[in-house]
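Residue numbers 2 to 381, in this note's numbering, belong to the letters of the sequence shown in order. Note that the Cβ used here is the ideal one computed from N, Cα and C, for glycine as well.
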Amino acid sequence: MLSFDLTPEQQQLKQTARDFAAKEIIPVAARYDEAEEFPYEVLKKAWELGLLNLEVHPEYGGLGLGVLDSILVMEEINYGCAGMATIMSANDLASTPLLIAGSDAQKKRYLGQLTEECAFAAYGLSEPGAGSDAASLSTTYRKVGDDYVLNGVKHFITNGTVASWVVVFATKDKSLRHAGISCFVLPADTPGLTTHKMKGKLGQRASDTAELFFDDVKVPASALVGEEGQGFKIAMQTFDRTRPQIGAICIGVTQRALDESTRYALERKQFDKPIADFQAIQFMLADMAIDLEAMRLLTYKAGWLVDHGARSPIVSSFSKAFGADRAMHHCVNAVQIFGGFGYLKEYPVEKLMRDIKLVQIYEGTSQIQRVVIARNLLKG
Ligand SMILES: Cc1cc2nc3c(=O)[nH]c(=O)nc-3n(C[C@H](O)[C@H](O)[C@H](O)COP(=O)(O)OP(=O)(O)OC[C@H]3O[C@@H](n4cnc5c(N)ncnc54)[C@H](O)[C@@H]3O)c2cc1C
2 MLSFDLTPEQ QQLKQTARDF AAKEIIPVAA RYDEAEEFPY EVLKKAWELG LLNLEVHPEY
62 GGLGLGVLDS ILVMEEINYG CAGMATIMSA NDLASTPLLI AGSDAQKKRY LGQLTEECAF
122 AAYGLSEPGA GSDAASLSTT YRKVGDDYVL NGVKHFITNG TVASWVVVFA TKDKSLRHAG
182 ISCFVLPADT PGLTTHKMKG KLGQRASDTA ELFFDDVKVP ASALVGEEGQ GFKIAMQTFD
242 RTRPQIGAIC IGVTQRALDE STRYALERKQ FDKPIADFQA IQFMLADMAI DLEAMRLLTY
302 KAGWLVDHGA RSPIVSSFSK AFGADRAMHH CVNAVQIFGG FGYLKEYPVE KLMRDIKLVQ
362 IYEGTSQIQR VVIARNLLKG
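Right, dumping it as structure tokens:
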């Protein structure tokens, strides 16, 4: 049966996140963004309210909620600040390989840590030489006795310098491409692993982005997630689950752009009337509203499909590609509606425009989403 109703629990969860964004995030978001400072105090409060790590199962201390529930929370947190939301969703990104293929011991130790304390985790796939072509990654692992030894560099890793543990993808032989890649999970203080914060981002500046250096990092056999050679599959299945969360970023930021623009258009007068009276402005607002509705339908459907066990890479990519490209377009228009004031940090829309650009890039660029979609179409 087709239903568009949220359950009372989902409505409550969404309201809690909305109230939190209004009270704890919006008043301080610009300050953290400007200072490029990790907003630990804000996230600690979000964690205390139970707004992080929603999908961790109850046996590891979590709520065991679904992807759709995460989307509902993410939508509201992103209304407040996409940078802070990215920190939260990076925990889900790092947790998902363990949810998909982790051993019970790995889940207890690492997912359990996220629910016992306000801790952060990182997902290390991208490298300086391997972005969109993740199968060409160069970080290596080799077996030494019962252990594995990792060497290489990851970059652009969200939560990299603040994480308590990291998931990392490495190859035993680069020439094997996908088939050579395995997934590992390890504590961030493992000897040989060092991090360096990458500063100077255009947007989402409260989020932590880092390089990770693996210099003869020795991990036990128990650090392997799933089986050897399954790493690439785990990485891609992770994105099928997490890309709808990027769709949620697009909803939250575009909703904020629409609300701010509507308010401003009604207040600002030119030619002796509110600019909202001009059809050119009205059409920009109407187009935002149309796309917001479409983003919600696509993203909720993508989350619902994952929650119902129907792996659907194409719908997850629809949600991310459509959301990212439309949200970018509308945030540029929000600045346009504010005119010169939109170009100033004193007003909220320039931050929306800077923040949203990232969603066309991470977790697979907008072009790569189309590669995934076309591949699915063409294979019949
Ligand atoms: C702030 C930030 C946070 C991030 N967080 C993480 C993280 O937590 N973990 C992680 O592993 N990674 C993370 N990333 C990395 C991100 O996923 C990569 O930047 C992204 O996958 C693109 O890779 P690239 O930057 O190397 O660009 P490239 O792959 O070099 O792409 C450059 C351009 O070429 C295009 N292109 C490439 N291949 C094709 C193709 N086949 N067809 C058409 N066009 C193509 C791309 O779409 C893009 O426009 C983050 C990045 C940023 C900026």
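Taken atom to atom, the span from the alpha-carbon of residue 227 to that of residue 111 is near 15 Å. Uninterrupted alpha helix (DSSP H) stretches at least 4 residues long and entirely within the stretch 110 to 166 occur at 113 to 117, given in chain order.
In this structure, residue 62 sits away from residue 140, with a CB-CB distance that is not shorter than 8 Å.
Using a 10 angstroms sphere on the CB of residue 36, the tally of other CB atoms stays under 16, which defines it as exposed. Counting the other Cβ atoms within 10 Å of the Cβ of residue 40 gives 16 or more, which makes it buried. Three or more beta-carbon pairs drawn from the stretch 349 to 364 and the stretch 202 to 212 are found closer than 8 Å, and the two stretches are therefore classed as touching. With 16 or more other CB atoms across the displayed protein chains lying within 10 angstroms of its CB, residue 231 is buried. For the set 283, 237, 327, the Cα lying nearest the Cα of residue 293 is the one of 327. Around residue 147, the same chain offers 222 as residues with beta carbons nearer than 6 Å, after the five sequence neighbours per side are excluded. In the structure shown, residue 250 falls within a helical segment according to DSSP collapsed to helix, strand and coil. Judged by DSSP secondary structure, residue 223 falls outside any alpha helix (DSSP H); it is assigned neither H nor E. Remark: the C-beta of residue 202 is in contact range of ligand 1, defined as less than 7 Å to any heavy atom. In terms of side-chain proximity, the C-beta atom of residue 171 is found no nearer than 7 Å to any non-hydrogen atom of ligand 1. Annotation: residue 85 to residue 178 spans about 34 Å, alpha carbon to alpha carbon. Shown here, residue 337 sits in a helix according to DSSP, grouped into three states.
When only Cα atoms are considered, residue 285 and residue 267 end up about 14 Å apart. Here residue 8 is exposed. Its C-beta has fewer than 16 other C-beta atoms within 10 Å. When only Cα atoms are considered, residue 214 and residue 152 end up about 8 Å apart. When rounded, the separation of the alpha-carbon atoms in residue 94 and residue 370 is 17 Å. For residue 188, the enclosing beta strand (DSSP E) begins and ends at 182 to 188. For residue 197, the secondary structure class from DSSP, reduced to helix, strand or coil, is strand.
Contact between residue 259 and residue 220 is absent: CB atoms are separated by about 47 Å, not below the 8 Å threshold.
Judged by DSSP secondary structure, residue 39 falls outside any alpha helix (DSSP H); it is assigned neither H nor E. Annotation: the continuous alpha helix (DSSP H) that includes residue 71 extends over 68 to 81.
Using a cutoff of 7 Å, the CB of residue 316 does not count as near ligand 1, since none of the ligand's heavy atoms is closer than that. Residue 88 has its CB no nearer than 7 Å to any heavy atom of ligand 1. In the displayed model, residue 168 falls within a strand according to three-state DSSP. Here residue 97 is not near residue 123, since their CB atoms are 8 Å or more apart.
CA-to-CA, the gap between residue 99 and residue 106 works out to about 10 Å. In the same chain as residue 164, and ignoring 5 residues on each side of it, the C-beta atoms closer than 6 Å to its own belong to 121, 122, 123, 189, in chain order. The secondary-structure analysis by DSSP pairs residue 240 with nothing; it has no beta-bridge partner. The bridge partners DSSP lists for residue 319 come to none.
When the beta-carbon positions are compared, residue 68 and residue 307 come within less than 8 Å of each other. Under the three-state reduction of DSSP output, residue 5 falls in the coil class, being neither helix nor strand. Secondary structure at residue 270: strand, using DSSP grouped into helix, strand and coil.
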